[in-house]
Every structure is written in C-alpha cells, then in structure tokens.
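> Before I ask anything, here is the structure I am working with.
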Amino acid sequence: MRQTLDFLPNINDLPLILAGPILRRTEADTVTVWLALKHASRVTLKIYTTAVGKGQSLERQIGEGGSQTIQLGKYLHLVIVTAQIKKQDRLEPGQVYAYDLYFENQEINLVTALAQANISYFEHQLPTFSLPAADLNQLKIIHGSCRKPHGGGRDILSCLDILIETSAHLADERPQQLFLTGDQIYGDDVADPFLWLSQRVSDLLLGWEEELPLLEGVIKPSELPPGKRSEIARIEGGFTAMLQKQPEKAKSHLFSFGEYATAYLLAWSPVLMPSQFPAGQEIFTDSKLAKNWDREMLALDSFIADLPKVRRALANIPTYTICDDHDISDDWYLNRLWCDRVLSKPLGRRVIQNGLLAYALFQAWGNTPEQFQPGTSGEKLLKAAVQWSSSAGTDPLSAVAIIRYLGIPPIELETGLPKLQPDEDVFILQRDREALTWHYNIKGSKHEVFVLDTRTWRGYPQADKQGKQPPMLLCPMAFEQQLLTPLARSDREQIEATLIVLPTNLVTLGLIDKVQRFELKRNRVFSNDVGDSWNFHQTAFAKLLLSLAHSRDRIIILSGDIHYSCAIRLTHWFYNPTSNAVLVQLTSSAIKNSELSTRLVHTRIKNLFPEPTEHWLGWQKSLRLLKLPQTLWWQSFGFKPKAPKISSASSPPDWQYRLEWFYRKPFKPLFKPSSQLLTNHKSSFWQKIFKSLLLWLWRNPWLQEGAEVVGRNNLSLVRFQWSSVDEHKTVIQETYWHPPWNSQGVVKSNYVISLNPQSPPPLPRLRDS
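Numbering (numbering that gives the first Met the number 0), first residue to last: 0 to 768.
Structural data, given as structure tokens:
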C-alpha cells in the first residue's frame with residue numbers, strides 16, 4: 000500500500016460537535032440526546048414549548064438537564080444528556096417541542112457549536128420533535144434496517160428528512176418515532192475506502208493505537224491495511240463472513256475499538272468526511288485492488304452526499320435501535336459452533352468486545368439511559384471504558400470489567416471454549432449477573448413497543464454435538480424476561496396497539512427458506528443466515544406464536560434483516576376455549592444494501608411464483624406444528640386430498656393458524672424529483688442508445704409493479720386506521736423507495752392489512768399414521 004497525503008482536516012478546523020445531536024429516548028417527563036464532541040464539556044439540554052405547538056417560534060423553557068462527557072480519546076468525548084420536564088409541564092401529544100444544547104458552562108449554544116451545519120426545519124435553527132399521537136389514527140412510526148455505506152443503491156434514510164420537513168409544524172402529521180431494527184453499521188463487510196478513513200479518524204481522535212491479541216503475540220490495526228484482512232479474520236478471529244468462497248465479505252473487517260467507534264461517527268455525520276478521497280492508484284500498486292477501491296468509492300459517494308440530510312433527520316425524531324449480527328460481525332452468535340470458534344480465539348474475543356462496547360456507547364446508552372445512571376452496571380461500564388481507553392487498551396482490570404458488563408461469556412480453562420449454562424432443555428452463553436441488557440420497552444398514550452434482543456439470549460440445543468443446529472432465538476429465560484412478564488404488566492385498558500420489534504423474521508420467502516434448509520442438510524450453516532428465521536426452530540416458533548396470541552388479540556411485528564419489505568398476516572384460532580388473534584409482520588429492509596436478487600423479486604417476475612397461503616395445526620402441550628397440504632388445481636374438479644397424518648397417540652389440535660402474504664398497492668410518487676436519471680458523464684452514441692433502452696424498460700410499470708415485496712432500498716412508515724368496531728381496524732405500511740428511473744425521486748408502495756380475526760375455519764380431517 001502506497002503512502003498518501005493526509006486527506007483529513009486539521010482537528011482545530013473541526014467544529015465542537017463531531018456527530019449528533021441524535022434525539023434518543025423521549026417520554027412525557029424526560030428527553031434524551033446523544034452527542035460526540037472533540038473536547039470535554041459539561042453539556043446542558045433545555046426543552047422549550049413552541050407557539051401554538053407548531054414549532055415556528057420558541058415560547059418558554061419547560062425542562063433542563065446536564066451531563067459531563069466521558070473521554071475515550073484525546074479528541075473523542077461522548078455524552079448522553081437527559082432533561083427532566085417540570086411536573087406541571089409534562090410533554091403532551093399534539094405539540095411540537097424544541098430543544099437547545101449549551102456547552103462550556105453554557106457559554107456556547109447548539110447553533111454555535113454546529114458551525115453552520117443545518118439541523119433544523121425552522122428559522123430559529125433548533126431541532127424539534129413531537130410525542131407519539133394519542134389517537135392511533137394519527138400515530139406515525141418509521142422503521143428500517145441494514146444500512147451499509149457501500150451497499151447497492153442510494154441511502155433511503157435521507158427520505159426521512161423529506162417526511163419530517165413536509166410536516167415539521169404538524170405534530171400529528173410528522174413522523175413521531177424511528178426504530179432502526181438492526182445492522183446500523185457493518186463490522187464485517189466494509190469498503191476499503193471506509194476502513195482507510197476509519198483508521199485515520201481513529202488515530203486522529205483517540206491518540207492511541209490498540210494492540211490486538213493473536214494466537215501468538217499482538218498486532219496493531221495499522222499493520223492490517225484495507226482489503227487484506229480476510230485471512231486473519233478467518234484464521235485468527237474465527238469469523239465466518241468470508242466463508243463459502245467470499246473473501247471480499249471480510250477483506251476490510253473492523254477489528255479495533257477505534258474502528259468500530261469511528262464507523263458510527265462516519266455513518267451519522269459528515270463532519271469527519273474529507274472533501275475528497277485518494278484514487279485507487281494512489282493507494283494500491285495492484286491494478287485490481289485499485290479498481291475495486293474506485294468501484295467502492297462510487298458506491299460511497301451518494302452515501303456521503305446524503306449524510307447532512309440523515310444528520311438533520313436523526314436530530315428531529317426520537318430514535319430507538321437494536322443490534323443484529325452485522326453491528327458486530329456476520330453470523331454473530333448464530334449457533335454454538337460460531338460461538339466456540341470465535342470466542343475461543345483471542346482476536347475473535349477482542350473484536351466481539353470492541354464491537355459490543357461501541358454498540359453500548361453509541362446505541363444502547365440512548366435506548367435505556369436509566370441503565371447508565373449512578374450506581375448501575377452502565378455507569379460501571381462507562382468508567383471501565385474510560386480507564387481502558389486512557390491506558391491505550393492495556394489495562395487488564397478495566398478489560399475484565401468491560402467483558403463482565405457487556406455480558407460476554409467467560410472461558411472454560413480446560414477446553415478454552417466459552418462457558419455455557421443450562422436453561423431448561425437448552426444451553427445459553429453464561430453471563431455475569433451485572434451484565435447490561437439490550438432489550439427494552441417504550442410506552443405511548445395508546446400504543447406500546449417491546450424491542451427484543453434475539454442475538455445474545457439464544458438457546459442452543461443440548462443434544463447438538465456439532466453445534467450447527469439452529470437455536471431458539473430467545474431461550475426460555477429470555478422469553479420470560481423480554482416478552483411474557485412485560486406483556487403481563489402492561490396496562491391493557493389504556494393500550495390499544497402492541498408492537499414487537501424483532502430483528503429476525505418470523506418467516507421469509509419460500510425460495511429462501513428452501514435454500515436455507517438445503518444448506519442446513521449439507522452442513523453449510525454459515526451461508527444464507529441458516530437458522531436466523533424463527534420458523535427454523537419449531538418449538539421456539541410455536542412458543543412465540545402462542546405467547547403473543549394468548550396475550551393480545553392483535554399484535555404488529557416490526558422486522559428487518561432480509562433486504563426486502565413485505566407484509567404477512569398470521570391469523571390464529573384456538574379451539575378450547577374458542578378465541579382468535581391476528582399477528583401482522585411488517586418488514587422493512589434494506590435502508591442501503593439492495594442486491595440483484597432483491598431487485599429481481601421487486602419486479603413482476605416474482606409474480607410468476609407467488610407465495611402460497613399456508614395453513615398449520617398446533618398442539619399446545621408438545622409445541623408441535625403440522626402443515627396442511629396446499630389446495631391443488633385438480634382439487635377444484637372434486638378430487639379430495641388425503642387428510643394429513645398424525646400419530647395415533649396424538650390428541651386433536653389445540654389451535655390453527657393461516658399465513659398470508661399481502662400485495663402492495665401500485666406505487667405513487669412522494670414528490671416531484673429532479674430530472675437527473677442515470678449518470679452525468681459523457682457517453683458514446685451506442686451507450687446513449689443502450690441507456691435509453693434500459694431506462695425505457697425500467698420505466699415500464701409491468702416490470703416495477705411487483706406484487707409482494709419491495710426489493711429496492713426502502714424505509715417504511717407504519718400508521719393505523721382505527722375505530723371501535725373490530726372490522727374497521729387496519730394497519731398500513733407505507734414503504735418508500737427510490738425508483739430506478741430516477742435515483743433522486745421517491746415513490747411509496749402501501750401494504751394495507753385488516754386486523755379483523757375473521758371466523759375460524761372448520762377443523763380439517765386427520766388420520767392416524
């Protein structure tokens with residue numbers, strides 16, 4: 000790798016605020032904001048009412064709070080600041096509020112600290128927000144997942160800026176909550192230019208370089224250049240992203256804490272982005288590596304261009320997150336084999352520690368600020384992180400404390416493998432009793448949201464000697480702590496809508512499901528996310544469905560992960576006693592990571608292979624599920640299908656459910672886009688002809704009006720049509736995406752799903768096996 004000029008700005012030229020402000024947990028009595036600064040400071044947050052609740056001008060201060068930054072490097076200081084609202088001025092739905100931040104003993108305000116960056120939709124230049132609406136008909140929740148900076152397509156998160164801007168003055172019209180449901184960063188699949196910049200930003204901000212432990216000796220991140228990390232990730236770290244002949248998936252894997260930390264700074268703010276990057280030939284002498292650099296740089300250009308819009312949006316909407324695998328590394332804790340091969344290696348264990356520590360500081364801290372109050376495990380983690388950073392990552396006592404509070408399992412001295420402990424009939428990773436938890440709940444006036452952690456509480460089958468079998472995505476203990484107990488404690492008289500955030504899906508496309516099951520039979524468990532859908536572990540799947548259906552008659556599940564948007568309804572009928580429930584899974588993915596396969600299923604080509612409606616029977620005691628045969632074309636002529644077989648010892652089924660995929664409505668433009676279509680560079684005559692033909696094909700409604708999924712980069716808004724009559728309760732997902740004929744434009748496709756349970760079907764005929 001060639002030496003290059005320093006493309007980074009001088010630290011003295013940077014504004015005080017490196018990233019943020021990001022509005023985090025916001026409730027009637029508290030408002031929380033996250034920031035990253037280049038200097039230590041006491042930060043004060045003040046909350047204001049606005050004239051007639053419309054946001055245009057400030058009225059009076061109704062809340063205040065202050066916090067001191069924590070130091071992670073010479074020029075990296077993080078802070079979460081929470082303002083307490085006066086009792087007589089509790090925040091209410093239907094009002095637009097504003098906030099300001101003050102630094103250095105209140106000598107500097109937010110506008111000054113931003114140094115001309117615009118994060119407001121009003122002339123007063125301050126960010127604003129509103130609480131979730133009290134009327135479900137006006138509630139507006141945004142969700143999305145999987146935002147890879149060099150992923151295919153344009154970053155659709157910038158569309159959130161448009162949605163807020165067009166209704167910023169209307170509290171009940173603007174988006175009121177944002178849920179990012181996994182893969183907010185990618186620790187494994189990283190572009191070479193992104194890692195190149197991350198390394199230099201890390202050196203600049205931290206002022207120290209971490210020594211990464213290997214099986215023998217140590218190595219520094221600077222000795223592991225971009226594009227050349229795949230083998231060390233596999234051999235020394237045990238990671239799996241590069242398996243199945245895909246070394247490019249880990250060629251620039253993040254390793255150090257500084258790299259993970261700066262990945263967040265670069266994903267959320269344009270401040271540290273250079274005005275230009277070096278060309279590939281300035282970095283590599285190898286022409287192949289240089290071309291790959293330039294190709295990845297093209298994918299990054301639009302991501303960087305949209306960062307100011309993303310930054311403004313995140314400052315103006317309460318934002319909630321949960322981790323999935325890529326926040327750390329591909330397949331993180333996928334199965335017991337992955338845990339054994341990664342956690343048993345010094346580098347693998349350190350990377351998990353670094354990725355989880357960054358997640359705690361950049362994401363979890365804002366989700367549950369109460370976990371980081373004085374005297375808590377979170378406060379102890381912050382102190383340990385500061386101590387570990389001040390020692391340049393060499394202090395063993397603070398490292399042990401970090402591992403404890405992050406819930407990373409200890410190692411068995413005899414085997415060198417992570418310690419497990421039994422939980423009913425499965426094993427779980429052992430964790431310290433003081434470890435932080437990543438799941439949490441949010442309550443609005445008429446709705447509640449339960450955000451589940453399906454990564455770190457998995458239940459691995461005890462009889463699985465090879466460690467390759469799909470786990471329970473929630474072990475029995477986690478079922479109780481994350482789902483059953485919170486659902487039971489909820490005020491059902493006040494709450495009308497219950498939403499569950501599941502980073503992993505209940506079910507996926509039939510073809511993908513078949514491929515994953517085929518791969519599982521071949522023991523290729525680290526390809527295609529084998530086992531990351533709930534239906535791969537029948538017992539856990541049945542337990543989840545029963546838990547939800549018994550606790551609520553209507554539940555909305557928000558999910559991501561699978562790089563397309565869709566809507567699925569599962570209708571449940573219980574036979575004794577008779578009751579019913581409706582579960583709707585709304586998936587929104589990817590924010591920036593579309594692929595050829597997802598772009599194909601987005602089109603009408605997928606209509607040739609529609610997803611069938613499925614009917615299943617279930618037994619409560621054994622948690623057994625039985626799929627009923629599908630109705631075939633020849634049955635319409637009077638031929639009766641054979642009844643499904645059951646064991647002669649089986650009792651009649653206790654319940655039945657039907658699974659349906661919903662079609663999206665014809666897309667509509669969100670706004671009139673600019674005329675920029677493909678590229679601006681000069682083309683030859685034949686290139687222009689080809690592009691014109693291609694453009695004409697892409698504009699063809701027949702091609703782009705696929706029925707079931709949105710496979711282009713997308714972000715979704717969830718809203719309700721609600722009345723006191725059950726038949727008139729509906730959930731709608733508006734999915735926004737950039738049309739291929741104009742990347743500057745935005746269109747939306749709606750999924751409209753009735754929450755009416757409908758009458759139960761008759762119990763099908765069964766016969767003994």
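The beta-carbon is built from N, C-alpha and C at its ideal position, and this holds for glycine as well.
(1) With a 10 Å radius around its C-beta and 16 neighbouring C-beta atoms as the bar for buried, classify glycine 415 as buried or exposed.
(2) What are the uninterrupted segments assigned as beta strand (DSSP E) that are 3 or more residues long and contained completely in the segment 523-603, given in chain order?
(3) Can you give me the start and stop residues for the alpha helix (DSSP H) that serine 229 sits inside?
(4) Using DSSP with H/G/I as helix, E/B as strand and the rest coil, what is glutamine 429?
(5) Which residues in the same chain have their Cβ closer than 6 Å to the Cβ of serine 388, if we skip the five residues on either side of it in sequence?
(6) In angstroms with no decimal places, state the Cα-to-Cα distance between tyrosine 574 and aspartate 653.
(7) Going by alpha carbons, who is nearest to leucine 336 out of Val399, Pro470, Asn366?
(8) With H, G and I counted as helix, E and B as strand and the rest as coil, what does DSSP make of serine 748?
(9) Between the Cα of proline 761 and the Cα atoms of Asn366, His614, Leu223, which residue gives the shortest distance?
(10) Go ahead and pull the three-state DSSP assignment for arginine 349.
(11) Using CA atoms only, rank isn't needed, just tell me which of Tyr358, Ala18, Leu472 is closest to lysine 542.
(12) Which residue spans inside the segment 66-116 form an unbroken beta strand (DSSP E) run of at least 3?
(13) Is the Cβ of arginine 59 closer than 8 Å to any Cβ of chain D?
(14) Since phenylalanine 517 is in the alpha helix (DSSP H), which residue starts that stretch and which ends it?
(15) Contact between the segment 163-175 and the segment 314-326 is defined here as three or more beta-carbon pairs at a separation below 8 Å; is this criterion met?
(16) Could you name the residues of the same chain whose beta carbon sits closer than 7 Å to that of serine 673, not counting the 5 residues immediately before and after it, in chain order?
(17) Flag this pair as yes or no: are the beta carbons of glutamate 63 and threonine 43 separated by less than 8 Å?
(18) Can at least three beta-carbon pairs, one atom from the segment 151-171 and one from the segment 92-103, be found at a separation below 8 Å?
(19) Given leucine 271, which residues of its chain have a CB within under 7 Å of its CB, disregarding the five upstream and five downstream residues?
(20) Only counting the same chain, and skipping five residues up and downstream in sequence, which positions put a Cβ closer than 7 Å to that of histidine 438?
(21) Hey, how far is the Cα of proline 668 from the Cα of glutamine 115?
(22) Going by DSSP in three states, phenylalanine 256 sits in which element: helix, strand or coil?
(23) Is it right to say asparagine 136 is buried, meaning 16 or more other beta carbons lie within 10 angstroms of its own, or is it exposed?
(24) Which of the three DSSP states, helix, strand or coil, is assigned to methionine 241?
(25) Going by other Cβ atoms of all chains shown within 10 Å of its Cβ, with 16 needed for buried, is lysine 290 buried or exposed?
(26) Report the option in Val78, Asn11, Ile61, Ala50 whose CA atom is closest to the CA atom of threonine 31.
(27) Just verifying my parser: in three-state terms, what is the DSSP assignment at leucine 34?
(28) Are the CB atoms of aspartate 191 and proline 225 nearer to each other than 8 Å?
(29) According to DSSP, what are the bridge partners of tryptophan 654?
(30) Roughly how many angstroms lie between the CA atoms of leucine 483 and arginine 551, to the nearest whole one?
(31) Do you know offhand how far isoleucine 410's Cα is from isoleucine 402's?
(32) Determine the burial state of valine 399: buried for a count of at least 16 other Cβ atoms within 10 Å of its Cβ, exposed for fewer.
(33) What residue range is occupied by the uninterrupted beta strand (DSSP E) comprising aspartate 422?
(34) On a CA-only basis, which of Ala27, Ile69, Thr49, Leu138 is nearest glutamine 769? Give me that one, please.
(35) Where does the unbroken beta strand (DSSP E) through glutamine 732 begin, and where does it stop?
(36) Since serine 221 contacts glutamate 258 with CB under 8 Å, what's their CB separation in whole angstroms?
The answer reads as follows:
(1) exposed
(2) 553-558, 565-574, 577-586
(3) 229-234
(4) coil
(5) Leu71
(6) 6 Å
(7) Pro470
(8) strand
(9) His614
(10) helix
(11) Leu472
(12) 69-72, 75-84, 96-102
(13) Here chain D cannot be found, since the structure has a single protein chain.
(14) 509-520
(15) yes
(16) Residue placement at serine 673 is flagged as unreliable, the pLDDT there being 42, under the threshold of 50; a coordinate-derived value is accordingly withheld.
(17) yes
(18) yes
(19) Leu17, Val200, Leu264, Leu265
(20) Val450, Leu451, Asp452, Gln481
(21) 32 Å
(22) helix
(23) exposed
(24) coil
(25) exposed
(26) Val78
(27) strand
(28) yes
(29) Phe573, Gly617
(30) 11 Å
(31) 11 Å
(32) exposed
(33) 419-422
(34) Nothing can be reported for residue 769: it is not among the residues displayed for the chain, which extend from 0 to 768.
(35) 729-736
(36) Actually they do not touch by this definition, with Cβ atoms about 11 Å apart.
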